[in-house]
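J.:
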Amino acid sequence: MRKVWAVIRREFVERVRQKWFWVMALLGPVFFAGLFFLPILLARGGAVRHIVVVDGTTSDFGTRVVEGLATGRSFRASRIATGSAVVDSLTGEVGAKRLDGFLILTDSVFETGQAEYRASNVSSIQAMEELERTLSRLVVKARLERDGVNAAVVDRAQIRIRLDTKKISRGRTTGESAGQSFFLAYIMALLLFLTIFAYGANVMSSVLEEKTTRIVEVLVSSLKPFQLLLGKVLGVGAVSIFQFLIWGVSARLLLTQRQALVSRMAGEVSSGPGLQLPAIPGTTIAVFLAFFLGGFLLYSSMFAAVGAMSSNEQEARQAQQPVMYTLMISYLSIFGLTNDPNSTLSTTLSFIPFTSPIAMTVRWTAGSLPASDLAVSLAILVAAIIGVTWIASRIYRVGILMTGKRPSIRELVRWVRAG
Amino acid sequence: MTTSILDVDRVTKRFSGHTAVDALSLSVPPGVIYGLLGPNGAGKSTTIRMIMNIYVPDSGTVRLFGTAGTGQDHSARIGYLPEERGLYAKMRVLDVLLFLAEMKGMDRRAAGPKAVEWLARLGLADWRLRKVNELSKGMQQKVQFISTILHEPDLLVMDEPFSGLDPVNSQVLKDTVLDLRRRGKTILLSTHIMEQAEKICDSVCIIARGRKLVDGTLAEVKRTHGGRHVLIAFDGASGDAQRVFADRRLVAKHDGSAQYAELELAPGADAQEILQALVSSGARLSRFEIAEPSLHKIFIDLVGPEAATAAAQPETEVARA
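Top line first, the protein sequences correspond to chains A and B.
7 is the number of the first residue of the first sequence in this note's numbering; add one for each residue after it.
16 is the number of the first residue of the second sequence in this note's numbering; add one for each residue after it.
#1: Once the 5 residues before and after B/Leu-228 are set aside, which same chain residues still bring their CB inside 8 Å of it?
#2: Just to confirm the assignment, what range does the alpha helix (DSSP H) spanning A/Ser-246 have?
#3: Once DSSP output is grouped into helix, strand and coil, what is the label at A/Ile-131?
#4: At the level of alpha carbons, what is the spacing between A/Leu-251 and A/Ser-317?
#5: At a Cβ cut of 7 Å, what residues of the region 15-28 of chain A count as close to chain B, listed as they run along the chain?
#6: Over what stretch of residues does the beta strand (DSSP E) that includes B/Met-173 continue unbroken?
#7: Buried or exposed, going by whether 16 or more other CB atoms sit within 10 Å of the CB of A/Phe-37?
#8: Please classify A/Ala-430: is it buried, with 16 or more other beta-carbons within 10 angstroms of its beta-carbon, or exposed?
#9: Chain A partners of B/Leu-139, CB-CB under 8 Å?
#10: How big is the Cα-Cα spacing for A/Thr-371 and A/Ile-340?
#11: Would you mind giving the Cβ-Cβ distance between A/Val-13 and A/Lys-217, rounded to the nearest angstrom? I have them listed as a contact below 8 Å.
#12: Does B/Ser-90 have its Cβ less than 7 Å from a Cβ in chain A?
#13: Using the Cα positions of B/Gln-155 and A/Met-315, report the straight-line distance between them to the nearest angstrom.
#14: Hey, would you say A/Ile-131 sits closer than 7 Å to A/Glu-122, going by beta carbons?
#15: Would you please verify whether the beta carbon of A/Val-12 is less than 7 Å from any beta carbon of chain B?
#16: Do B/Gly-75 and B/Asp-24 have their C-beta atoms closer together than 7 Å?
#17: Applying a beta-carbon distance threshold of less than 7 Å, which residues of chain A neighbour B/Phe-114?
#18: According to the neighbour-count rule (16 or more other Cβ atoms, all chains shown, within 10 Å of its Cβ), is B/Ala-286 buried or exposed?
#19: Look up B/Gly-50 in the DSSP assignment and say whether it is helix, strand or coil.
#20: Based on Cα-Cα distance, which residue from A/Ile-401, A/Leu-303 and A/Val-329 lies nearest to A/Val-6?
#21: I need the straight-line Cα distance from B/Ile-48 to B/Ala-234, nearest angstrom please.
#22: Taking the alpha carbon of B/Ala-130 as the point to measure from, which residue in B/Gln-159, B/Ile-208, B/Ser-151 and B/Lys-105 has its own alpha carbon closest?
#23: Pick helix, strand or coil for B/Lys-105, following the three-state DSSP scheme.
#24: Assuming A/Ala-133 and A/Arg-70 are in contact, meaning their beta carbons sit under 8 Å apart, how far apart are those beta carbons, in whole angstroms?
#25: Can you find the residues in the same chain that come closer than 7 Å, C-beta to C-beta, to A/Glu-99, ignoring five residues on each side of it along the sequence?
#26: Roughly how many whole angstroms lie between the Cα atoms of A/Trp-11 and A/Lys-25?
#27: What is the DSSP secondary structure of B/His-311, reduced to helix, strand or coil?
#28: Under 7 Å between beta-carbons, which chain A residues line up against B/Met-106? List them in chain order, please.
#29: So the beta strand (DSSP E) B/Lys-227 belongs to, where does it begin and stop?
#30: By the three-class DSSP mapping on this structure, what secondary structure does B/Asp-22 have?
#31: Could you check where the alpha helix (DSSP H) with A/Ser-336 kicks off and where it finishes?
#32: With a CB to CB cut of under 7 Å and the five nearest residues on each side skipped, what residues in its chain are close to B/Gly-346?
#33: B/Leu-278 by DSSP, collapsed to three states: which one?
#34: Taking all protein chains shown into account, decide if A/Ser-126 is buried (16 or more other Cβ within 10 angstroms of its Cβ) or exposed.
#35: Under the assumption that B/Val-245 contacts B/Glu-288 (Cβ atoms under 8 Å), give the Cβ distance between them as a whole number of angstroms.
#36: Taking 7 Å as the threshold (beta carbon to beta carbon), is A/Asp-212 in contact with chain B?
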């Protein structure tokens, strides 16, 4: 057991000493800080666009549009009447960057709802929505007035709907919106996928290093291959836990300091509905960690077997693909999983051990889920870990001492069978 | 009954069709340097891996220190230097040594001062905090050598220890090995360089194509394969030498003159007996030489010139553990 401990210690210390560990440890929080603050910056960012309204209508509609846009955030406009060379000269102005764009209105806007916006930048969804919303509100108003409806009545009648979504989770209404809920589920799936893959691949390269340098001969003459594998997986696993710890602490700092940071960054802009962070309950973190550990143990032993049956990096990269694709299935199903956490697909994926670490965590986060489902899924996962590790350790034991070409499936089966 | 450190009893190992080691037996007494000799592909490494319990023999047994149990059970008492060298490239030299000592059951704290001492002894003191991949190949080999002896094993198993070493490092290694033997350790090493084996081995076992051709002490091997001729020159008085030459228990054939004789020893006879008999017969000798063939010549005679230079077979070995 002391030897296993020494293997764990070596894997842990050597990994934590490496630069990439600290790069990951620091980049993680930076990445998540980016996820939190980018929307704020974007919402504030979109600079005001100065445009001209080319009014070809026979009413004062152009002026109304200019006034309407002035109440919004994205546009400041002035009106000119349409003329023969107006469009050409405005195009020149936009080209010379003295103007952001121009809006062409004719009477047909009242009949077909058609208007035209030409600008150097038309890709800001938020700004285009604002323009469209303003136009459509004013057109509706104009059309109603034409039909004799009192302007005051029209103003009163128009109301913008704000849909406030709240998730009912385990019988309680939470403050979580649909967007936040998806966001959290997505982040968790992404984290699980990246970390299980990264640390599984770590185990693989560690196996491969010992095999290619032949240190494994010295090791195997000193301790049992299974002990070596166990030490390796536990050592790398400890590194991953340490990594999460660093991330957890920095995320906590980020959250507690968030309000201060936001107000400093965003100034007067109050945090809109999209910026609210969901409170992450302790149980969700526990579920996440449990399934991460399960997934890591399951996949790292497979990665170890892959490393043992390959004799160089290229071979290993090829041989790892089936393992990687298996892991990717659940990651790619995340939209399906969040859309309907209780569909047949979601349920199935969350019980199959190779997909359950990601699928179950997403289902847990996205919707209410009976605890019994969670327990069954975990039990299946544990059983699979035992089975897969048993097979993988047999492949490992033979593979690490083998040289020459990669074994065929038939040979692998023989290795597993050989007592 | 047995006082051997290592007993290999009729071990056989086959790899997908070809027999790498065929019913090989050998016995290593304590306190000697034992050479496992043979051309490339003779089965030396396979034999050593079976001794180390890296491969499990298809048949036959390996006994270490006179008891049952595998190399893993005895790992604290064995140092092993594999044929293909390698260390963790990104680890610091001292950390590698401590880790490998731990693998041999040594306490980390106890291993520290020893490792530093050995590094200093082999001229690597300043390199102990460097990473392995910053060292030259020769230095790495020395580090690996230290890792095999750090835990003071009773039995040192080294597969081609001299390959890839320059003359200086080769000498350092040889001196260290001889020093270990003086301290009562047993050393088993494989090599295909006979001159090297002749200089340091007490006993040898020559194998080819997985089979043993001959084994025994170096003297025995030389005696049974050549070394049957004695050259004698008299310094004036030949005494009663003719009576000694006529003794058929000692001398099979003889010819020569009054001052000079060349003898062929009788089967089983010892040249030292003849020397003693001659001296007590009153002869004065100016020369008494056992015309010994070199180990190299015996080796070539036994395995044939083509086998001795045969290239190693491509390794497609699959262990069936």
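Heads up, the beta-carbon is just placed ideally off N, CA and C, and yes, glycines get one too.
Predicted model only: the values in this text are computed from it and were never measured.
T.: With the given structure in hand:
#1: Translated into the one-based positions of the second sequence, residue 228 of chain B becomes position 213. Within the same chain, B/Leu-228 has close Cβ partners Ile-221, Ile-222, Leu-317 and Val-318.
#2: Sequence index remark: in the first sequence, residue 246 of chain A carries index 240 (1-based). Unbroken alpha helix (DSSP H) run through A/Ser-246: 231-262.
#3: Numbered from its first residue, the first sequence carries residue 131 of chain A at position 125. Helix at A/Ile-131.
#4: Taking the first residue of the first sequence as 1, we reach residue 251 of chain A at position 245. Taking the first residue of the first sequence as 1, we reach residue 317 of chain A at position 311. Taking the straight line joining both Cα atoms gives about 34 Å.
#5: Arg-16 and Glu-20
#6: For the purposes of this step, residue 173 of chain B is identified with residue 158 of the second sequence, where counting begins at 1. Here the beta strand (DSSP E) through B/Met-173 covers 170-174.
#7: Taking the first sequence and counting its residues from 1, the one referred to as residue 37 of chain A is at position 31. By the neighbour-count rule (16 or more Cβ atoms within 10 Å), A/Phe-37 is not buried but exposed.
#8: Residue 430 of chain A cannot be examined here, being either before or after the span of chain A that is shown, 7 to 425.
#9: Residue 139 of chain B sits at position 124 when you count from the first residue of the second sequence. Ordered by position in chain A, no residue passes the 8 Å Cβ test against B/Leu-139, which lies about 19 Å from the chain.
#10: Translated into positions along the first sequence, residue 371 of chain A becomes position 365. Translated into positions along the first sequence, residue 340 of chain A becomes position 334. Whole-angstrom Cα-Cα distance: 12 Å.
#11: Here residue 13 of chain A is taken as the residue at index 7 of the first sequence, counted from 1. Here residue 217 of chain A is taken as the residue at index 211 of the first sequence, counted from 1. Wrong, their Cβ atoms sit about 15 Å apart, outside the cutoff.
#12: Here residue 90 of chain B is taken as the residue at index 75 of the second sequence, counted from 1. Interface residue, yes.
#13: Taking the second sequence and counting its residues from 1, one reaches residue 155 of chain B at position 140. Taking the first sequence and counting its residues from 1, one reaches residue 315 of chain A at position 309. So the two alpha carbons sit approximately 27 Å from each other.
#14: Taking the first residue of the first sequence as position 1, residue 131 of chain A is located at position 125. Taking the first residue of the first sequence as position 1, residue 122 of chain A is located at position 116. Result no, Cβ atoms of A/Ile-131 and A/Glu-122 do not sit closer than 7 Å.
#15: Along the first sequence, one-based indexing puts residue 12 of chain A at 6. A quick correction: the sequence has Ala, not Val, at residue 12 of chain A. A/Ala-12 counts as touching chain B.
#16: Your numbering for residue 75 of chain B matches position 60 in the second sequence. Your numbering for residue 24 of chain B matches position 9 in the second sequence. Yes, Cβ-Cβ distance for B/Gly-75 and B/Asp-24 is below 7 Å.
#17: Within the second sequence, the letter at position 99 stands for residue 114 of chain B. Going along chain A in sequence order, the residues near B/Phe-114 (Cβ under 7 Å) are Ala-12 and Arg-16.
#18: Walking along the second sequence from the start, residue 286 of chain B turns up at place 271. So B/Ala-286 counts as buried.
#19: Position 35 of the second sequence, counted from the first residue, corresponds to residue 50 of chain B. The answer is strand: DSSP assigns B/Gly-50 an E or B state.
#20: The question about residue 6 of chain A has no answer here: the residues shown for chain A are numbered 7 through 425.
#21: Here the question's residue 48 of chain B lines up with position 33 in the second sequence. Here the question's residue 234 of chain B lines up with position 219 in the second sequence. For B/Ile-48 and B/Ala-234, the distance between alpha carbons rounds to 13 Å.
#22: For the purposes of this step, residue 130 of chain B is taken as the residue at position 115 of the second sequence. Comparing Cα positions, the closest option is B/Gln-159.
#23: Within the second sequence, the letter at position 90 stands for residue 105 of chain B. Here B/Lys-105 sits in coil by DSSP.
#24: Here residue 133 of chain A corresponds to residue number 127 of the first sequence, with the count starting at 1. Here residue 70 of chain A corresponds to residue number 64 of the first sequence, with the count starting at 1. Rounded, the Cβ-Cβ distance is 19 Å, inconsistent with contact.
#25: Translated into positions along the first sequence, residue 99 of chain A becomes position 93. Correct list, in chain order: Leu-105.
#26: Position 5 of the first sequence, counted from the first residue, corresponds to residue 11 of chain A. Position 19 of the first sequence, counted from the first residue, corresponds to residue 25 of chain A. Whole-angstrom Cα-Cα distance: 24 Å.
#27: Within the second sequence, numbered from 1, the residue matching residue 311 of chain B stands at position 296. The answer is helix: DSSP assigns B/His-311 an H, G or I state.
#28: On the second sequence, position 91 is the one that residue 106 of chain B refers to. The answer, in chain order, is Glu-20.
#29: The residue given as residue 227 of chain B occupies position 212 in the second sequence. That run of the beta strand (DSSP E) goes 226-232.
#30: Taking the second sequence and counting its residues from 1, the one referred to as residue 22 of chain B is at position 7. Reduced to three states, the DSSP call for B/Asp-22 is strand.
#31: Counted from its first residue, the first sequence places residue 336 of chain A at position 330. A/Ser-336 -> alpha helix (DSSP H) spans 327-338.
#32: Any question about residue 346 of chain B goes unanswered here, given that chain B covers just 16 to 336.
#33: Within the second sequence, residue 278 of chain B is the residue found at index 263, counting from 1. Strand.
#34: Counting from one through the first sequence, the residue named residue 126 of chain A turns up at place 120. Classification of A/Ser-126: exposed, given that the 10 Å Cβ count is below 16.
#35: On the second sequence, residue 245 of chain B is found 230 positions in, with the first residue counted as 1. On the second sequence, residue 288 of chain B is found 273 positions in, with the first residue counted as 1. So it is not a contact: roughly 11 Å between Cβ atoms.
#36: Reading the first sequence from its first residue, position 206 is the one you call residue 212 of chain A. This sequence places Ser at residue 212 of chain A; Asp is not what is there. Chain B, which has no Cβ nearer than 7 Å to the Cβ of A/Ser-212, makes this no.
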